[in-house]
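So the sequences go chain by chain: A and B. Under our numbering, the letters of the first sequence match residues 1 to 166, in that order. Under our numbering, the letters of the second sequence match residues 1001 to 1860, in that order. For each residue, glycine too, the CB sits at the ideal point set by N, CA and C. Note sheet for the following structure.
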Amino acid sequence: MIKAVMMLNTQGKPRLAKFYDYMPVEKQQELIRGVFSVLCSRPENVSNFLEIDSLFGPFSRLVYKHYATLYFVLVFDGSENELAMLDLIQVLVETLDKCFSNVCELDIVFNYSKMHAVLDEIVFGGQVLETSSAEVIKAVEEISKLEAASNSISLVPKSVSGWRGR
Amino acid sequence: MASSNSLMDNLFQRSLEDLIKGLRLGESFFLSKSLEDIRREIKSTDLSTKSIALQKLTYLAALHGVDMSWAAFHAVEVVSSSRFSDKRIGYHAITQSFNDQTPVLLLITNQLRKDLNSSNEHEVSLALECLSRIGTDDLARDLTSEVFTLLGSSKALVKKKAIGVVLRVFDKYHDAVKVCFKRLVENLESSDPQILSAVVGVFCELTTKDPRSYLPLAPEFYKILVDSRNNWDLIKVLKIFAKLALVEPRLAKKVADPICELMRRTVGKSLLFECIRTVVSSLSDQETALKLAVAKIREFLVDDDRNLKYLGLHALSIVAPKHLWAVLENKEAVVKALSDEDPNVKLEALHLLMSMVNEDNVSEISRILMNYAIKSDPLFCNEIIASILLACSRNSYEIIVDFDWYLSLLGEMARIPHCQRGQEIGHQLIDIGTRVKDARLELVRVSRALLIDPALLGNQFLHPILSAAAWASGEFVEFSKTPYEIAEALLQPRTSLLAPSVRAIYIHSTFKVLVFSLGVYFSAQEPTSSPLFEESASSGSSPVNGITYKSISSLVNIIELGLCSLSGTLDVEVQERAKNVLGFIGMIKHKIAEKVTTQESETEASRAVAFMEDVFSEELGPVTSTAQEKVPLPHGLELKESLEDLQEICGEFLKPVVDSNSNSNSFSSSENISFSVAKLRISDQEEASSSSSSHPPESASLLAEHRKRHGLYYLSSQKSDDHNDSNGDNNNTLNEYPPANEISADSFNNKKKRNQSKPRPVVVKLDEGDELKTKPNVSSNDEPLSLAIQTALMGKGKEKEREKYNHERDLDSRIKGRSSGRENKTKKKNGEKSSKHRSRRRSDKEASAAEPVEIPDFLL
């Protein structure tokens, strides 16, 4: 099971954080800070694993990848494969790249909702359900269409009623 | 008015994007201002205003740690919106912030049910995601039938998520197994790769929790293992087999071949690693598979990719306990990895090296590691020291044969510049001193070397070591050849850098040195009983015996000189001890000279010194961590009664007493000793030594009486006569102790070749109190689930048999055949769910009564 997905920038600001077991927000922030403090001390060109028993308890593992200004972090337990999790980060980044064409940190900052749509298609309740970015993009586009449709329907009557109210 | 308010809100409401932009400007008040807005907007009657407010709040909660539990009800409102975008915001907020204790949780049951039945697959998938994250017992129970329906959905997107949600539903509501399990199992034969991935993932999770229940499904998993070309699925299936093979060894043989085939064929490193891990952790008895896996590990170890190197080392550490040869074959690579740049690789290599340690190679490995420790950065250096200390002290120094060597190693550690493990090293010095009689000579030698080095006093991480060394030098001063030098070292000016608690130990040790020297001086003509003296007397040259009037008076003088300045120090502990010694010196000083003039052997002074020697003569043994518990509770002692009133009445009086004694803890021979025991013992000594100058015989008898009365606290060191101290216990009053723990047969013991040239000295071992017991944490929660699963799988063996004959039949007819064997399928479709459940349950119960779980004949 995947326990948490995080995207942090190199200053330690979280850009996306998702914990698959319920956790109070203070605890979440503490873990994010804890992970970053270890991440930022690691040199380049070392392995992509972190020992995080002290943060997430025994048997939990963490892999991360560093892209430009962002760290992509996955925390998981013994029923996932470490290298497969690295591949999953790759899948996630590739998918984002296709969604935003040349994804950068700003895309992730301003497309909070879409980011979650992408992630939710790949990881479902902590389980990896989809690893094909084409399938993910298909689903995400449908969701975007549905959202756009529901917004455009509601906008008209609301504005009309608003004018009438005046 | 209300409507126009909401309109204003709506028109001027900040969107999430505005919020993010605002936050990026970094104004400090912006966050609190936005929260105020959100609190107002979220109460709006307009659902879209409300939902945007909720979205912003969710964002702030996730990334800025803002509490959003207060908005739970608003999330429930938003999720009921008919607009998809609102619904999504609502579900997102719920999954992020709800937990089992959220009071409004039950309000969403109907909304979830409605959305699970929706015709829009994305609405269904939102509801499924929500259920998989926050599903409680009640939600799982109430929505089981919806999940069951969705398991049969024709839309892959819905179906795979329905499969995923089953994990949560089973976990929370075990009876769901009866309803959904069969449909879940059917999907193991699905031709849709997405569905197959999902269901394999679910079974991987289920199997991890309770492997035994899923043994009957081994044939299905085996089929996937052989047929699948998808690495994700194969990894999960391998994980399943890793668990199953541990409970059913025959499976190991069966799957070894296909796994070897995968290892030879695969190019995917993740899959290859999973194969290796499966083999080393669960199939290590399969020789060919293991050999192939170890060969692949070697490829990982020499790979430039540090991830692979790290995982290779990790795999080796799994295989190490059972097949040490695999590690030994790769020893060079492991040692090389110690100097890798990557901290993970270094650490893993270190753990691996420590797993190789046995009594034959402990000195070699320690030497290698010490060399690395000197060169490494502080963090890794201390990691190395810690793991050497841990490995060597394991099970009462099980692997140490040559304690002289080990003590000098401890001494070397103290001299590593980055060393910060003083606490542990000091503890071990004392521990070995109390446990291993034969090592005391070397302990005193090592201690002396540490004490006379003024440079070590400057490093406060080393103070615990110095404290231990000072204690050992005093306690075992009879082994010292140069008491004068030790006294000098204990009184050197730089000791002012020590903490008062350590200083007190220094002074007390000085006292012991003084008493010992005086004892030797006064009894110079009498035969001594110390083994060292006999030895040195026979060899002819004895520095200790040569204590003359001159040397003893200069010893007394330096002690007097060194301590007189301390009698005015602020710390009471130091002051008191210094005064004790000075008082004793004052009493004895002028008598020293008399010795030269009078030939009388029984002077007052010699009696006083003999008495002091008696005070210090009782040997301090190790104390078990459970000693306190073994003291029977005296009748009438009320432990549970609150002492708070007492605190109020005499809180001021109590406090200083505790403070002055708290330092004495560093004196204890074991960190695990319960505090009060250590304190008691120290105060004993203090009491004895301080009062001795005035009423020696009385206090000695008091002390003896005290020890007799509290005999349980003190572990007699006579035990050391016997290695297995349970025999020794019978000789004294300690028969309350249960027999000693048998040393668990460590896998390394098999390879032990006792080094007979030098027998291992006796190590005093205590009962089970030496090792902290860890109670196995059994979660009873899974029991009913495994029962349910086993019931659901009941009769599967039979089906398999039948299928053998009918395996030409196509899938459809087989499913029909299965279901008709148990239950009428048409009933389900007509929606008579309640009756269906009841009768299914009944038939399952009958089945469970009829037959036990069978291991499939597939194995044979």
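As the crow flies, the alpha-carbon of Leu1570 of chain B is around 15 Å from that of Val1502 of chain B. In this structure, DSSP gives Leu62 of chain A an extended state, which the three-state scheme calls strand. In the DSSP assignment, Ile2 of chain A falls outside any alpha helix (DSSP H) and lies within the beta strand (DSSP E) extending over Ile2 to Asn9. Scanning chain B for C-beta atoms nearer than 8 Å to the C-beta of Asp87 of chain A yields Ser1270, reported in chain order. At least one CB of chain B lies nearer than 8 Å to the CB of His116 of chain A.
Straight across, the Cα-Cα distance linking Val1199 of chain B with Ala1156 of chain B is about 12 Å. Residues are counted here when their Cβ sits less than 7 Å from a Cβ of chain A; for the segment 1090-1119 of chain B these are His1092 and Asn1099, given in chain order. Distances from the CA of Ser1125 of chain B to each of B:Val1158, B:Ile1134, B:Leu1106 and B:Arg1113 were compared; the closest alpha carbon is that of B:Val1158.
Proximity of chain B to Tyr20 of chain A at the Cβ level (cut-off 8 Å) is accounted for by Arg1133, in chain order. The residues Met1068, in chain order, have a CB closer than 6 Å to that of Ala1061 of chain B in the same chain once the five nearest residues on each side in sequence are set aside. The C-alpha of Ser1097 of chain B lies about 48 Å from the C-alpha of Ala1326 of chain B.
Taking CB atoms only, Glu51 of chain A has a neighbour in chain B less than 8 Å away. Shown in chain order are the members of the segment 134-151 of chain A whose Cβ falls below 7 Å from a Cβ of chain B: Ala139, Glu142, Ile143, Leu146, Glu147, Ser150 and Asn151.
Listed along chain B, the residues sitting closer than 7 Å to Pro14 of chain A by beta-carbon distance are Leu1063. With a beta-carbon spacing of about 6 Å, Gly1164 of chain B and Leu129 of chain A fall inside the 8 Å limit used to define contacts. For Val1078 of chain B, the enclosing alpha helix (DSSP H) stretches over residues Ala1072 to Val1079. With a threshold of 16 other beta carbon atoms within 10 Å, Arg1367 of chain B falls short and is exposed.
A residue is called buried when at least 16 other Cβ atoms come within 10 angstroms of its Cβ; Gln11 of chain A does not meet this threshold and is exposed. Annotation: Cβ neighbours of Asp120 of chain A in chain B (cutoff 7 Å, chain order): Glu1129. With contacts defined by Cβ atoms closer than 8 Å, Leu1352 of chain B and Leu1324 of chain B do not form a contacting pair. Between the segment 1394-1407 of chain B and the segment 1433-1440 of chain B, the count of C-beta pairs closer than 8 Å reaches three or more; the two stretches touch. Here the alpha carbon of Ser1119 of chain B sits roughly 21 Å from the alpha carbon of Ser152 of chain A. Annotation: Met6 of chain A has no Cβ neighbours in chain B at a cutoff of 8 Å; minimum Cβ distance is about 10 Å. DSSP places Phe19 of chain A in the uninterrupted beta strand (DSSP E) bounded by Pro14 to Phe19.
Contacts between Thr1434 of chain B and chain A, judged by CB atoms closer than 9 Å, are missing: the closest CB pair is about 33 Å apart. At a cut-off of 3 residues, not a single continuous stretch assigned as beta strand (DSSP E) sits fully inside the segment 1024-1098 of chain B. When DSSP states are grouped into helix, strand and coil, Val1401 of chain B belongs to the coil group. Of all C-beta pairs linking the segment 1438-1449 of chain B to the segment 1468-1476 of chain B, three or more are shorter than 8 Å, placing the two stretches in contact. Excluding its 5 nearest sequence neighbours in each direction, Ile1465 of chain B has C-beta neighbours in its own chain below 6 Å: Ala1414, Gly1422, Ile1425 and Gly1426, listed in chain order. Taking a cut-off of 8 Å for Cβ pairs, the segment 1087-1097 of chain B and the segment 104-111 of chain A do not touch, as fewer than three such pairs fall below it. The beta carbon of Gln1013 of chain B sits closer than 7 Å to those of Glu1041, Thr1049 and Ile1052, all from its chain and outside the five residues before and after it, given in chain order.
In this structure, DSSP gives Tyr1372 of chain B a helical state, which the three-state scheme calls helix.
Going by DSSP, Tyr22 of chain A is part of no alpha helix (DSSP H) at all; its letter is neither H nor E. DSSP, reduced to helix, strand and coil, places Val91 of chain A within a helical segment of the structure shown.
Glu1274 of chain B sits away from Ile1240 of chain B, with the two beta carbons spaced by 8 Å or more.
Going by beta carbons, Ile89 of chain A and Val63 of chain A fall inside the 8 Å limit.
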